[in-house]
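In what follows, a structure is listed as structure tokens, so that the remarks can point back to it.
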Amino acid sequence: MRLSLKRTCKCSAIFIAAAILYLFLNCGFDGCHNYRLDPKHVARSHPQLGEMINIEDFWTPEKVKVFPKGPGTNGEPVQTDPINNPDKERAYSEYGFNQFISDKISLDRTLKDTRHSACKERKYPKTLPKASVVIVFHNEGWSTLLRTVHSVLNRSPPEMLEEIVMVDDFSNKEFLKQKLDDYTKELGKIKIVRTKERVGLIKARSIGAINAVGDIVLFLDAHCEANVGWLPPLLERIALDRRTAVCPTIDFIDHNTFEYKPMDPYIRGTFNWRFDYKERPVRAEDMKKRKDPTQEVKSPVMAGGLFAINREFFHELGLYDPGMFIWGGEQYELSFKLWQCGGQLENIPCSRVGHVYRHHVPYSYPKADATLVNFKRVAEVWMDEYKEWLYDKKPELKYVDPGDISDRVALRKKLKCKSFKWYMENVANDTVRSIYEPLKANGPIRNPATNLCVDSMGRKVGGELGLMHCHGMMGNQVVSVDTISRCIDRVLADCLSTMDQLSINIVVNVVIDTTYCKYDPKTPLSHVVGAFQYTLLDEFRQDENCLDVSQSFSGAKITFYGCHELKGNQEFKYTKDKKIIHVVTNNCVTATDKGYPVMESCSGKPEQIWEIQLNDLSKFTKKKALN
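Each residue of the sequence shown is one higher than the one before, starting from 2 at the first, in our numbering.
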């Protein structure tokens with residue numbers, strides 16, 4: 002008897018060990034929770050979802066409609082006359098994309114199926130929860146808005162679409178009033194909610210969620226096109242786990258030609274320490290572990306515009322932060338909150354939705370510093386000690402008043418959310434630099450002998466660095482990437498060209514208009530948005546690009562390349578006697594009268610002396626490094 006019991010225990014231990022080994026070998030980087038469940042297992046574990054059927058067997062209205070061929074059919078581009086077209090220019094000015102071309106394309110245009118072939122063989126539960134699709138709009142073009150609505154109606158199984166909630170954020174265009182009401186009544190399943198004042202995207206989305214009645218709230222921007230088979234893959238993941246929020250693969254719709262282009266589905270959303278949203282591909286070694294191309298991809302951060310979430314869970318999470326304004330930063334607040342408070346975020350390769358990325362934002366906002374306030378609220382509520390990393394890389398945030406955050410802090414405590422350190426170590430560990438690195442300097446690079454400053458000249462990667470008169474303006478010499486202000490490089494002033502002398506006061510007294518950006522001379526240069534940054538790796542960088550010297554001869558030019566953080570061509574030493582020495586070539590950055598700096602042998606002449614505002618790093622300690 003004892004021998005039998007002993008043998009039984011031994012066999013059980015071997016079985017358990019084998020099972021653990023099997024799971025370890027098969028889960029891949031996404032973990033077992035993310036691994037594609039066998040249809041039979043889904044049917045057994047979730048009988049309420051009914052039988053499993055092939056995605057192609059779900060009926061959608063598109064399957065019986067006859068769509069006329071015309072411009073843009075199958076997502077093909079529609080070209081405009083290369084000669085200046087006043088209708089096109091007017092459309093761009095008013096909407097931020099080529100509405101003139103959009104109006105020529107059918108509201109029911111067909112699209113190429115951009116899914117992986119394996120997605121077409123996938124099976125999903127026949128009975129899935131119903132979705133309320135929320136679309137917020139403000140002075141949106143008729144055809145782009147209605148094409149979004151038509152694509153949802155045409156390509157969604159009716160039994161899975163509860164309604165489309167259209168939230169009008171105080172539009173003043175006449176065709177978006179009674180005409181829209183009358184048109185949508187004919188379509189069915191449309192509910193229009195109108196705000197009584199401009200509230201911005203964030204608050205308008207919360208209004209949409211409050212008015213939604215579906216089991217799942219699914220947010221889309223007002224200029225999207227849902228593609229074939231887009232809905233069941235999103236609903237299934239939430240049906241299997243109510244704490245999972247999901248994002249479709251966002252395909253690209255050209256803002257000029259409206260060509261529909263497929264994008265890589267195997268990406269992860271993340272951020273840098275300036276809170277710029279970034280996308281990183283799934284690592285090659287992790288891709289090799291993926292045995293199923295339809296498998297979901299865990300993502301640290303969502304892009305923000307397109308996602309689905311269980312309605313009740315969204316309310317439990319407090320919807321969007323009501324203290325946030327307009328848009329910007331809400332994707333971080335929701336993403337951090339999801340992960341830290343017991344949920345997770347996934348990108349779904351088999352769900353495809355096209356999105357028009359505007360050429361520029363065609364309207365102004367009543368609160369200019371909205372994004373900075375939003376960022377500060379995210380940092381103070383969710384990032385714990387890591388907020389200091391953000392403040393070091395985006396120092397203007399130190400002077401922003403986030404408003405009352407007590408209710409959000411109380412919500413986090415009530416939900417018993419994990420720390421941001423946990424998030425960094427377990428969720429974003431392979432997408433965000435997790436070693437604390439204060440900046441050696443943050444500001445313009447000025448040669449006092451010539452009063453010339455290093456200038457990006459609005460050039461892209463591979464472009465040559467320039468020199469400009471130190472104009473004291475926050476243009477190419479101190480590049481701004483603030484989301485709301487849209488004050489990017491001075492050369493990119495077309496970003497503001499459609500606004501009537503837009504003038505906005507930002508927290509650090511930055512004033513923006515359609516010509517240039519300037520700062521209050523009393524404001525320290527290091528507090529101006531997006532300066533040249535001199536890092537602990539001895540790089541001079543602007544966002545993701547670094548000064549780079551690839552040639553050793555005297556007179557070699559300096560170019561911009563993506564920062565590789567391996568030093569080499571991108572390593573410069575700023576010396577006590579104010580020279581900037583390129584370590585590999587041992588040459589000095591030298592001002593010229595030709596409009597650009599060059600590398601020359603170090604002689605100490607005035608053209609090789611540079612003024613940079615250095616930061617005091619004496620307060621930097623290992624404790625602050627959080628290691």
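Each residue gets a CB set at the ideal place from its N, CA and C atoms; glycine is no exception.
Secondary structure note for residue 273: it is in no beta strand (DSSP E), with a DSSP letter that is neither H nor E.
Nearest C-alpha to residue 423 among 272, 317, 343, 285: 343. Closest in alpha carbon position to residue 602, among 615, 581, 619, is 581.
Residue 287 sits in a helix when the DSSP states are folded into three classes.
Distance from residue 130 to residue 216 at the Cβ level is roughly 4 Å; contact confirmed, criterion being Cβ atoms closer than 8 Å.
By the neighbour-count criterion, in which 16 or more other beta carbons inside 10 Å mark a residue as buried, residue 60 falls on the exposed side.
Between the alpha carbons of residue 239 and residue 320 lies a gap of roughly 17 Å. With respect to the C-alpha of residue 262, the residue from 225, 294, 392 having the closest C-alpha is 225. DSSP places residue 266 in the coil class of the three-state scheme, outside both helix and strand.
The shortest CA-to-CA distance from residue 559 to any of 605, 439, 463, 62 is the one to 463. 252 is the residue among 102, 252, 268, 385 whose C-alpha sits nearest the C-alpha of residue 356. Uninterrupted alpha helix (DSSP H) stretches at least 4 residues long and entirely within the segment 533-598 do not occur. In the assembly as shown, residue 384 is a buried residue. Its beta-carbon has 16 or more other beta-carbons within 10 Å. In the three-state reduction of the DSSP assignment, residue 388 falls in the helix class. At a cut-off of 4 residues, the continuous stretches assigned as alpha helix (DSSP H) that sit fully inside the segment 165-224 are 179-188, 201-212. When rounded, the separation of the alpha-carbon atoms in residue 233 and residue 221 is 16 Å. Its chain contains no residue whose beta carbon lies nearer than 6 Å to that of residue 118 once the 5 sequence neighbours on both sides are disregarded. The Cβ-Cβ distance between residue 353 and residue 111 does not fall below 8 Å. With fewer than 16 other beta carbons inside 10 angstroms of its own, residue 407 counts as exposed.
No Cβ-Cβ contact shorter than 8 Å links residue 121 with residue 52.
When secondary structure is reduced to three states using DSSP, residue 421 falls in the helix class. In the same chain as residue 206, and ignoring 5 residues on each side of it, the C-beta atoms closer than 7 Å to its own belong to 135, 137, 220, 321, in chain order. Close CB contacts of residue 147 within its chain, under the 6 Å cut and outside five residues either way in sequence, are with 108 (chain order). Rounded to whole angstroms, residue 284 and residue 181 show a C-alpha spacing of 46 Å.
Of the other Cβ atoms in all chains shown, 16 or more fall within 10 Å of the Cβ of residue 535; this residue is therefore buried. When DSSP states are grouped into helix, strand and coil, residue 610 belongs to the coil group.
Taking 4 residues as the minimum length, the alpha helix (DSSP H) runs contained wholly in the segment 331-379 are 331-341, in order along the chain. Here residue 279 is bridged, per DSSP, to 271. Straight through space, the alpha carbons of residue 467 and residue 551 are spaced by roughly 16 Å.
DSSP lists 534 as the bridge partner or partners of residue 443. The beta-carbon distance between residue 167 and residue 191, rounded to whole angstroms, is 6 Å. This is short enough to meet the 8 Å contact definition. Ranked by how close their Cα comes to the Cα of residue 402, the residues 214, 412, 377, 327 have 377 in first place. According to the DSSP assignment, residue 410 belongs to no beta strand (DSSP E) but to the alpha helix (DSSP H) extending over 407-415. By the 16-neighbour rule on beta-carbons within 10 angstroms, residue 607 is exposed. If you ignore the 5 residues before and after residue 237, its C-beta comes within less than 7 Å of the C-beta of 125, 126, 129, all in its own chain and listed in chain order. If you draw a 10 Å sphere on the C-beta of residue 600, you find 16 or more other C-beta atoms in it, and that means buried.
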